[in-house]
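Every letter in the sequence shown is one number past the one before it in UniProt numbering, and letter 13, counting from 1, is 13.
Quick reminder that beta carbons are idealized off the backbone N, C-alpha and C, glycines included.
Values in this document were obtained by computation on a predicted structure and should not be read as measured data.
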Amino acid sequence: MNKVELESRLECLTDEINFLRQLYDEELRVLQSQISDTSVILSMDNNRSLDLDGIIAEVRAQYEEIANKSRSEAEKMYQIKYEELQTVAGKHGDDLRNTKTEINELNRMITRIQSEIDGLKGQRASLEAAIAEMMSHRAGEREEMPLFSH
Numbered sequence: 001m002n003k004v005e006l007e008s009r010l011e012c013l014t015d016e017i018n019f020l021r022q023l024y025d026e027e028l029r030v031l032q033s034q035i036s037d038t039s040v041i042l043s044m045d046n047n048r049s050l051d052l053d054g055i056i057a058e059v060r061a062q063y064e065e066i067a068n069k070s071r072s073e074a075e076k077m078y079q080i081k082y083e084e085l086q087t088v089a090g091k092h093g094d095d096l097r098n099t100k101t102e103i104n105e106l107n108r109m110i111t112r113i114q115s116e117i118d119g120l121k122g123q124r125a126s127l128e129a130a131i132a133e134m135m136s137h138r139a140g141e142r143e144e145m146p147l148f149s150h
């Protein structure tokens, strides 16, 4: 190979390197523009999918569901407590009526026994008076008896 052939080959390789550089630069530019377009599309997609009104409505619906459930549970618990208190109040009312009836019966019994006591006191007083009269009558007879014996 001589010098001319080598120079010619060098020129050919240099042209090929320059061509490949231009091709590489063009492909790089195209890829960078695609990447730039892709990120713009992604950011636009993200903005479109963010639906604040929908999110707020969903949270509100969940809150209302929780509030309704809590209200329902509170009303149920209140109703149970109310029924328990009604039962206890009814039982206490029955106990109170029974106690009043028992007190009235005891008062009638006390009145009857008091009347019997008063009657027995009267009998006792009569008997004591009769005993005293008998004693005094006997004492009078004893005094008279010795007079008759002499």
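Query                                                                         : Result
Short CB-CB distance (under 8 Å) between GLN114 and chain C                   : Checking the listed chains, one finds no chain C in this structure; it contains a single protein chain.
Reduced DSSP category for LEU31 - H, G, I as helix; E, B as strand; rest coil : helix
Coarse secondary structure for LEU50, derived from DSSP in three states       : coil
Cα-Cα separation, GLY122 to ASN104                                            : 27 Å
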